[in-house]
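J.: Just passing along the structure, written as structure tokens.
Residue numbers (the working numbering), protein chains in the order written: chain A, 1 to 279; chain B, 1 to 160.
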């Protein structure tokens, strides 16, 4: 079984023969896929509304990459017999989604079509904190016992590098600008910290993930995130809270806000008009 | 050899967004499996969210099916090993330049910064305008010598 590198490594065939391993891998993949899927959608809503045209190019490119990563995870789910990738992306009701609530929240008041008063500070903070959390997870997944997930992590990491660099630049520049920029960034950070714990939570089956060596523990990932963020916070004279919250609930367990349902209705509208159509 | 014919056919399949460079020159072909009259081609996507993948797949099937004796062609995109920008061939690098795109830089500084020479005049006097460009795999730069904006293929490596 697997490769002889000391620790147990599992290929797709191994997972298909081992129900406990398969179920754990499926659960984790849903979290990873749904996180990327909804943040990519929220990013796409910014198209045409970003602060300047270069940012429109960059942000939409990042959203496209991220949607590509979601598609990759849905494909891995499909390989594990969890369903068709398009159906997994478009047809699952909100209660079955495993994304963190932080990522489903609307970009701000208004909608894409009507009076979009989106909050750029919130976009920068949410995307930066998410990109760093994703980086920490992807680094851990490179050593995952489940080989298809480890291989996907290597690929994703190369693209994520550019995303993280981008958001870190925005974050540092806006915070260090002082004045209204800093005030708004601090308000956005407060809002993001209120839900940030949801990114690190792995839900009710967390123990299964670590038991099968799929990914490091929630605690290890959170600690690593704080380590990576500390120098940035210190250089900008920002304070890191001792603890993060999940004020609106835990998305990993299917708890969500009305924002998610609205998003799913919008993004699935065309797909649902003819689910059998060929794309 | 049927294998040579397949490679030759794949030379005609270009990147839909850079129509002078073939998928072979971009280093996207990883494996050719031939079983009697069936061919399975394993390709490496450059960037995962690339919308051109489906078009490339269809064009590959069309090109390879035109070879006498081949009845069935399957194309599979795999991501292990990952595509890295050093897979672009020498010829590919030259053709990118002709198209006005600087080939992916071979050197990335420890800070993550990189430079690309102007594909038009060859000057090193260039500035980065936007790491992100019109497609996932390109960045936008500006040449201060000949005053042309240009694009460069992003370097990607497993060292990042």
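No residue lacks a Cβ here, since even glycine has one placed at the ideal position from N, Cα and C.
1) Is there a C-beta anywhere in chain B that falls below 7 Å from the one on residue 106 of chain A?
2) Using CA atoms only, rank isn't needed, just tell me which of A/155, A/74, A/75, A/88 is closest to residue 47 of chain B.
3) Between the Cα of residue 39 of chain A and the Cα atoms of A/110, A/22, A/128, A/93, which residue gives the shortest distance?
4) Starting from residue 57 of chain A, find everything on chain B with Cβ-Cβ shorter than 9 Å and list it in chain order.
5) In three-state terms, what does DSSP make of residue 127 of chain B?
6) How is residue 122 of chain A classed by DSSP in three states: helix, strand or coil?
7) Check this for me: beta carbons of residue 189 of chain A and residue 125 of chain A, under 7 Å apart or not?
8) Which bits of chain A does residue 75 of chain B rub up against, with CB to CB less than 9 Å?
9) Measure the C-alpha to C-alpha separation of residue 100 of chain A and residue 66 of chain B and round it to an integer number of angstroms.
10) Which residues does DSSP pair with residue 103 of chain A in a beta bridge?
11) How should residue 15 of chain B be labelled, buried or exposed, when 16 other C-beta atoms within 10 angstroms of its C-beta is the threshold for buried?
12) Compute the minimum distance between the beta carbon of residue 83 of chain A and the heavy atoms of the ligand GTP, and state whether it is under 6 Å.
13) Considering just the uninterrupted stretch of the beta strand (DSSP E) at residue 138 of chain B, what are its terminal residues?
14) Taking contact to mean at least 3 C-beta pairs separated by less than 8 Å, is the region 36–54 of chain B in contact with the region 6–26 of chain B?
15) Which residues in the same chain have their Cβ closer than 7 Å to the Cβ of residue 93 of chain B, if we skip the five residues on either side of it in sequence?
16) Quick one: complete beta strand (DSSP E) runs, 3+ long, within the region 65–89 of chain A?
17) Quick one: grab the DSSP three-state call for residue 154 of chain B.
18) With a cut-off of 8 Å on the beta carbons, I'd call residue 187 of chain A and residue 276 of chain A a contact; round off their distance for me.
19) Cα separation between residue 116 of chain B and residue 105 of chain B?
20) Please classify residue 196 of chain A: does DSSP put it in a helix, a strand, or coil?
21) Rounded to the nearest angstrom, what separates residue 152 of chain B and residue 101 of chain B at their Cα positions?
22) Does chain A have any CB closer than 7 Å to the CB of residue 149 of chain B?
23) Just grab the DSSP bridge partners of residue 161 of chain B for me.
24) Tell me, please, which residues DSSP counts as bridged to residue 146 of chain A.
25) Compare the Cα-Cα distances from residue 168 of chain A to each of A/149, A/180, A/123 and report the closest residue.
26) With distances taken between CB atoms, is the gap from residue 59 of chain A to residue 43 of chain A smaller than 7 Å?
27) Please state whether DSSP places residue 41 of chain B in a helix, a strand or coil.
28) Could you check what DSSP says for residue 277 of chain A in three-state terms: helix, strand or coil?
29) What in chain B is Cβ-close to residue 62 of chain A, meaning under 8 Å?
30) Beta-carbon of residue 72 of chain A versus every beta-carbon of chain B: anything under 7 Å?
T.: Reading from the atomic positions:
1) The Cβ of residue 106 of chain A sits no closer than 7 Å to any Cβ of chain B.
2) Considering only alpha carbons, the answer is A/155.
3) Closest option to residue 39 of chain A, Cα to Cα, is A/128.
4) Per Cβ cutoff of 9 Å: 130, 132, 133, 134, 140.
5) DSSP places residue 127 of chain B in strand when its eight states are reduced to three.
6) Three-state DSSP puts residue 122 of chain A in a helix.
7) Yes, the pair counts as a contact, with Cβ atoms nearer than the cut-off.
8) Close partners of residue 75 of chain B in chain A (Cβ separation under 9 Å) are lacking, with about 15 Å as the shortest Cβ gap.
9) Distance between the alpha carbons of residue 100 of chain A and residue 66 of chain B is about 49 Å.
10) Bridge partners of residue 103 of chain A: none, in fact.
11) Looking at its Cβ environment, which holds 16 or more other Cβ atoms inside 10 Å, residue 15 of chain B is buried.
12) This structure lacks the ligand GTP; in fact it carries no ligand of any kind.
13) Segment 138–143, the beta strand (DSSP E) holding residue 138 of chain B.
14) Touching, per the Cβ criterion.
15) Cβ within range, chain order: 103.
16) DSSP runs (the beta strand (DSSP E)) wholly in the region 65–89 of chain A: none.
17) Correct three-state label for residue 154 of chain B: coil.
18) For a cut-off of 8 Å, the C-beta gap from residue 187 of chain A to residue 276 of chain A is around 46 Å, too long to register as a contact.
19) The straight-line gap from Cα to Cα measures roughly 6 Å.
20) Residue 196 of chain A carries a helical assignment under DSSP once its states are collapsed to helix, strand and coil.
21) Rounded to the nearest angstrom, the two C-alpha atoms are 5 Å apart.
22) No, its Cβ sits nowhere closer than 7 Å to a Cβ of chain A.
23) This structure cannot settle anything about residue 161 of chain B, because the visible part of chain B is limited to 1 through 160.
24) Residue 146 of chain A is bridged to A/10.
25) Residue A/123 holds the alpha-carbon nearest to the alpha-carbon of residue 168 of chain A among A/149, A/180, A/123.
26) Contact check for residue 59 of chain A against residue 43 of chain A passes: the beta carbons are separated by less than 7 Å.
27) Looking at residue 41 of chain B - three-state DSSP - the assignment turns out to be strand.
28) Note: residue 277 of chain A maps to coil in three-state DSSP.
29) For residue 62 of chain A, the C-beta contacts it makes with chain B under 8 Å involve 132, in order along the chain.
30) Interface residue, yes.
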